[in-house]
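Residue numbers (UniProt numbering), protein chains in the order written: chain C, 1 to 485; chain E, 1 to 485. The beta carbon of each residue, even a glycine, is placed where N, CA and C say it ideally should be.
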């Protein structure tokens with residue numbers, strides 16, 4: 001007893017001793033009716049004040065873990081656990097197709113992961129060194145002072161009202177007509193997309209999207225039982241001719257597009273193509289899910305309105321927003337801006353899934369915006385990422401032989417290698433030398449893309465960046481030589 | 001222009017003026033090529049420093065909303081939104097069965113809701129006046145100081161490691177053998193239950209549970225396509241005889257039970273019944289989902305181990321925990337403690353749904369526990385709720401004629417009225433007098449319970465409590481007189 005007891009600094013001793021004794025009893029280390037040392041003995045043994053130990057014993061007795069017999073001492077209670085026949089379930093045999101597919105399509109399990117100390121181009125998370133923690137703290141304390149109790153109790157499934165109002169205005173500054181529309185706050189893009197697919201009953205469970213596209217979107221679409229047809233990408237966005245043919249030859253229930261800093265290619269769809277895309281979808285009556293991914297991360301050029309803005313007063317575009325690739329992904333906030341009646345139905349689905357998104361997260365983010373921190377942060381982040389973007393482009397051009405390089409903004413570039421060079425081979429070679437990136441095939445809807453790779457540069461230092469890309473470049477050259485290119 | 005501009009205190013002026021102008025432009029209030037007032041003119045007009053306005057114009061120009069012609073002035077840019085044929089989707093016609101059922105079963109939409117100023121017995125949320133905000137702030141600042149950047153960037157789908165470790169120990173103090181088990185952090189009980197049902201592929205999509213039971217569990221089970229059979233409740237928990245018959249006569253894939261302070265009846269299952277229940281489930285090889293609902297809110301009596309503890313080293317019990325009815329429901333944290341391999345599959349499902357639960361929420365909660373605040377808070381909350389519980393029992397006995405009253409802990413009581421008295425009639429009568437509660441029929445798996453009601457007392461003052469129950473009592477008596485009882 002107490003041989004394995006370790007005191008943690010900064011935690012009340014009563015709590016630590018009590019927890020230790022509770023576990024000692026419930027884990028069966030202490031026999032029922034076994035006598036405990038007196039508080040005096042324990043006080044000497046542990047060098048802890050007797051008052052503390054008296055408090056612990058009193059509470060444990062109140063909670064029924066121990067009992068006292070006057071002038072005899074304190075003893076372990078029977079904590080009420082009788083043995084019953086325990087049995088084993090083979091859970092692997094009882095996983096649903098959804099759980100199996102989620103596991104099979106789980107990149108975190110399937111792909112080579114960057115280990116500590118490696119140069120990691122696989123991540124496209126923001127660089128946490130840019131986070132302005134002081135402003136986040138300020139936002140938290142400001143909001144807690146205004147309505148702390150309210151933040152900590154149940155909120156609304158639709159979301160925290162001040163944040164919804166803020167985002168409504170934010171969508172309007174993007175040119176989106178919010179009349180007759182509404183907003184649902186979600187736990188990031190992932191939940192938004194998942195809730196929409198599970199809430200719709202479209203004519204055909206068939207989605208038209210860009211090829212390649214966001215791996216999570218492919219995964220969720222498959223888990224929800226949708227077929228996917230991907231349309232090739234040109235330098236200024238989706239191939240309109242190919243899209244038109246696909247729409248004529250197949251029936252689709254939905255389209256999913258990422259017009260800005262598209263993941264994984266980093267391509268921005270031109271204004272002309274935005275108009276064309278919407279004309280085609282209107283002609284074939286196909287609603288669009290627009291992923292507003294990274295559209296804040298424009299490093300040059302003028303404001304580009306999302307497709308939802310081009311849609312005018314129509315209600316056929318469902319816009320999904322998130323700040324996760326820019327600001328605080330640990331705070332899980334995304335949103336759906338769509339037709340008011342549709343949002344009303346999605347609110348019930350959201351409530352049935354997890355009641356609502358963390359009010360604390362929503363409130364901190366709202367106050368951070370309200371305090372005017374976002375604009376300043378974005379300016380700083382953009383200048384930092386712009387530099388990294390330019391450096392990555394320069395290094396890729398210099399060191400990695402390739403057929404195509406795309407990405408005019410955002411946090412990543414996309415490369416297509418010479419024919420016959422497989423990025424998974426390169427990844428294995430580089431991994432041994434401490435460099436990791438994402439093999440591009442996981443982004444393809446049709447099993448293609450074996451010669452492609454995505455290079456995320458947001459969390460890599462300049463020095464690592466140059467070295468890492470040299471390593472990739474050398475591995476590509478070696479393979480090319482072997483192939484006799 | 002600027003006629004509807006209102007300055008909000010405590011927000012940077014640059015941000016406010018910029019947002020106003022952006023919306024003015026994107027909403028089409030400013031024509032393309034329309035000349036804007038000079039910064040000097042605007043400065044006089046708005047009584048804002050010219051420097052601020054110069055900064056705003058510079059940023060708007062950088063972002064492509066406006067353009068400057070030297071010695072001519074500043075003009076509105078074409079923000080790239082061409083009109084495309086907009087069209088309307090009738091979303092109501094395209095809702096999936098899940099979305100329709102979620103709406104139909106949405107109590108927040110279906111039931112009479114308590115309005116501000118009413119006496120609200122419908123809520124079983126904790127009383128936010130008990131929240132110790134100072135400790136929550138402390139926990140936030142402590143954790144942010146330790147690893148703020150990490151909290152705000154992406155975390156792990158399984159959850160925040162320190163919290164998982166803490167909860168593992170917490171489960172052990174409840175007597176649960178955590179060897180071979182693991183924990184997944186979820187967005188509350190609701191997500192935990194939903195993830196499990198969608199991840200399992202049991203032999204029969206048929207759940208055995210208590211009748212009545214948690215409305216959310218009924219809702220999610222139905223949405224996931226499960227049949228439900230509810231077993232009647234006795235004063236010490238589920239009716240074992242009825243359970244045995246049901247198990248013999250039907251095939252079940254899962255059981256779902258809430259042994260402590262059961263929602264809605266408030267009944268605690270006795271230790272003897274816990275053993276019996278597990279024996280029966282083992283005999284029929286039916287895995288159990290245990291809802292650890294409110295088991296912390298014991299006002300008297302000794303420690304009662306959860307069913308997961310009685311299960312010993314077996315892996316057939318999946319335990320769902322949550323502090324939401326005790327502590328900070330706005331922080332959406334729940335957990336699943338179950339077989340390690342099962343948790344591993346659930347982690348992929350969780351990742352496909354929303355990447356992970358808010359790290360900020362998890363970290364604040366962890367630090368709050370670590371700082372030893374929970375034990376103190378629980379003591380205070382229990383003493384307050386114990387008092388309210390006693391007062392509610394006393395008032396119900398005194399004022400509301402009933403056949404049965406249950407609830408020995410937790411935040412609510414459950415009443416069964418005399419035959420022929422319908423609680424929905426009573427609810428309507430009371431609503432007019434500013435009193436609202438939950439009609440019990442929503443908790444029944446078989447459409448029964450029309451004579452039952454749940455009275456949540458956690459957020460009602462003593463004075464309101466006495467008056468509110470008198471109002472209910474009078475309404476019941478009036479109906480009884482009409483019925484000639």
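C-beta atoms of residue 121 of chain E and residue 438 of chain E nearer than 9 Å: For the purposes of this step, residue 121 of chain E is identified with residue 121 of the second chain, where counting begins at 1. For the purposes of this step, residue 438 of chain E is identified with residue 438 of the second chain, where counting begins at 1. Cβ distance < 9 Å, so residue 121 of chain E and residue 438 of chain E count as in contact.
Chain C contact residues for residue 188 of chain E, given Cβ-Cβ distances below 8 Å: Position 188 of the second chain, counted from the start, is the residue given in the question as residue 188 of chain E. Chain C residues near residue 188 of chain E: 354, 355.
Where residue 202 of chain C meets chain E, residues with beta-carbon distance less than 8 Å: Working through the first chain from its first residue, we reach residue 202 of chain C at position 202. Result: 94.
Spatially closest choice to residue 129 of chain C from C/145, C/26, C/327, by CA coordinates: Stepping through the first chain from its first residue, residue 129 of chain C is reached at position 129. Closest in C-alpha terms to residue 129 of chain C, from the list C/145, C/26, C/327, comes C/327.
C-alpha distance - residue 66 of chain E paired with residue 291 of chain C, whole-angstrom precision: Along the second chain, read from residue 1 onward, the residue named residue 66 of chain E stands at position 66. Along the first chain, read from residue 1 onward, the residue named residue 291 of chain C stands at position 291. Computed Cα separation, rounded: 26 Å.
Extent of the continuous alpha helix (DSSP H) to which residue 194 of chain E belongs: Position 194 of the second chain, counted from the first residue, corresponds to residue 194 of chain E. Note, residue 194 of chain E: alpha helix (DSSP H), 188 to 199.
Cutoff 9 Å: residue 11 of chain E Cβ touching any chain C Cβ: One-based indexing of the second chain puts residue 11 of chain E at position 11. True, the Cβ-Cβ gap to chain C drops below 9 Å.
Own chain, CB closer than 7 Å to residue 204 of chain E, minus 5 neighbours either side, in chain order: Against the second chain, residue 204 of chain E aligns to sequence position 204. Excluding sequence neighbours, residue 204 of chain E sits near 251, 252, 253.
Residue from C/442, C/145, C/277 with nearest C-alpha to residue 85 of chain E: Here residue 85 of chain E refers to the residue found at position 85 when the second chain is read from its first residue. Cα-wise, what sits closest to residue 85 of chain E is C/277.
Counted within 10 angstroms of its Cβ, other Cβ atoms place residue 409 of chain E as buried (16 or more) or exposed: By one-based count along the second chain, residue 409 of chain E stands at place 409. If you draw a 10 Å sphere on the C-beta of residue 409 of chain E, you find 16 or more other C-beta atoms in it, and that means buried.
Beta-bridge partners of residue 416 of chain E, as assigned by DSSP: Here the question's residue 416 of chain E lines up with position 416 in the second chain. E/404, E/452, per the DSSP bridge assignment.
Cross-chain neighbours of residue 331 of chain C in chain E, by beta carbon under 7 Å: Along the first chain, one-based indexing puts residue 331 of chain C at 331. The answer, in chain order, is 152, 358, 360.
Nearest candidate by alpha-carbon position, reference residue 333 of chain E, set C/154, C/140, C/142: Position 333 of the second chain holds residue 333 of chain E. The candidate whose alpha carbon is nearest that of residue 333 of chain E is C/154.
Residues from the stretch 162 to 176 of chain E in contact with chain C, defined by Cβ distance under 9 Å: 169, 170, 172, 173, 174, 175, 176
Cβ pair count under 8 Å reaching 3, the stretch 335 to 351 of chain E against the stretch 255 to 274 of chain E: no
Whole-angstrom C-beta distance between residue 98 of chain E and residue 223 of chain E, which should lie under 8 Å: As a first step, residue 223 of chain E is located in the second chain; it is residue number 223 there, counting from the start. As a first step, residue 98 of chain E is located in the second chain; it is residue number 98 there, counting from the start. With a Cβ gap of about 5 Å, residue 223 of chain E and residue 98 of chain E count as contacting.
Straight-line Cα distance separating residue 244 of chain E from residue 283 of chain E: Position 283 of the second chain, counted from the start, is the residue given in the question as residue 283 of chain E. Position 244 of the second chain, counted from the start, is the residue given in the question as residue 244 of chain E. Taking the straight line joining both Cα atoms gives about 10 Å.
Inter-residue spacing [alpha-carbon to alpha-carbon] between residue 342 of chain E and residue 226 of chain C: One-based indexing of the second chain puts residue 342 of chain E at position 342. One-based indexing of the first chain puts residue 226 of chain C at position 226. Cα to Cα, the separation comes out at about 26 Å.
For residue 95 of chain C: DSSP bridge partner residues: Counted from its first residue, the first chain places residue 95 of chain C at position 95. Bridge partners of residue 95 of chain C: E/200.
Nearest residue (CA-CA) to residue 298 of chain C, options C/324, C/274, C/273, C/266: Numbered from 1 along the first chain, position 298 holds the residue referred to as residue 298 of chain C. Looking at the Cα atoms, C/266 is the closest of the given residues.
Chain C contact residues for residue 23 of chain E, given Cβ-Cβ distances below 8 Å: As a position in the second chain, residue 23 of chain E is number 23, starting the count at 1. Within chain C, the residues near residue 23 of chain E are 169, 172, 173.
C-alpha gap between residue 124 of chain C and residue 413 of chain C, whole angstroms: The sequence position of residue 124 of chain C within the first chain is 124, counting from 1. The sequence position of residue 413 of chain C within the first chain is 413, counting from 1. Distance between the alpha carbons of residue 124 of chain C and residue 413 of chain C is about 10 Å.
Simplified DSSP state of residue 504 of chain C, which is helix, strand or coil: Residue 504 of chain C cannot be examined here, being either before or after the span of chain C that is shown, 1 to 485.
Local Cβ density within 10 Å of residue 356 of chain C, reported as buried at 16 or more and exposed below that: By 1-based counting over the first chain, the position of residue 356 of chain C is 356. Counting the other CB atoms within 10 Å of its CB gives residue 356 of chain C a total of 16 or more, which places it among the buried residues.
is_contact[residue 103 of chain C, chain E] using C-beta, thresh 9 Å: The residue labelled residue 103 of chain C in the question sits at position 103 within the first chain. Interface residue, yes.
Nearest to residue 175 of chain C (by Cα), restricted to the options C/379, C/308, C/390: As a working mapping, residue 175 of chain C is identified with position 175 in the first chain. For the residues C/379, C/308, C/390, the minimum Cα distance to residue 175 of chain C belongs to C/308.
Sequence ranges, beta strand (DSSP E) only - wholly within the stretch 344 to 412 of chain E, length at least 3: 404 to 406
Residue 315 of chain E: contacting residues in chain C (beta-carbon distance under 7 Å): For the purposes of this step, residue 315 of chain E is taken as residue 315 along the second chain, with counting starting at 1. Within chain C, the residues near residue 315 of chain E are 88, 89.
Separation of residue 94 of chain C from residue 315 of chain E, as counted between CA atoms: Working through the second chain from its first residue, we reach residue 315 of chain E at position 315. Working through the first chain from its first residue, we reach residue 94 of chain C at position 94. Looking at the two C-alpha atoms, the distance is approximately 13 Å.
9 Å Cβ cutoff, residue 220 of chain E in contact with chain C: As a working mapping, residue 220 of chain E is identified with position 220 in the second chain. Answer yes: the Cβ-Cβ gap between residue 220 of chain E and chain C drops below 9 Å somewhere.
Alpha carbon of residue 285 of chain E to alpha carbon of residue 87 of chain C, nearest angstrom: The residue you call residue 285 of chain E lines up with position 285 of the second chain. The residue you call residue 87 of chain C lines up with position 87 of the first chain. Spanning the two alpha carbons is a distance of roughly 8 Å.
Residues of its chain near residue 172 of chain E, where Cβ-Cβ distance is below 6 Å and the 5 sequence neighbours each way are ignored: Along the second chain, read from residue 1 onward, the residue named residue 172 of chain E stands at position 172. Here the set comprises 178.
Which listed residue (E/13, E/211, E/206) has its alpha carbon closest to that of residue 46 of chain E: Here residue 46 of chain E corresponds to residue number 46 of the second chain, with the count starting at 1. Looking at the Cα atoms, E/13 is the closest of the given residues.
Proximity winner among E/8, E/232, E/110, E/52, relative to residue 446 of chain E (alpha-carbon distances): Position 446 of the second chain, counting from 1, holds the residue named residue 446 of chain E. Nearest C-alpha to residue 446 of chain E: E/232.
Contact with chain C by residue 262 of chain E, beta-carbon distance below 9 Å: For the purposes of this step, residue 262 of chain E is identified with residue 262 of the second chain, where counting begins at 1. Closer than 9 Å: no.
Residues that residue 109 of chain E contacts on chain C, provided the C-beta gap is smaller than 8 Å: For the purposes of this step, residue 109 of chain E is taken as the residue at position 109 of the second chain. Going along chain C in sequence order, the residues near residue 109 of chain E (Cβ under 8 Å) are 348.
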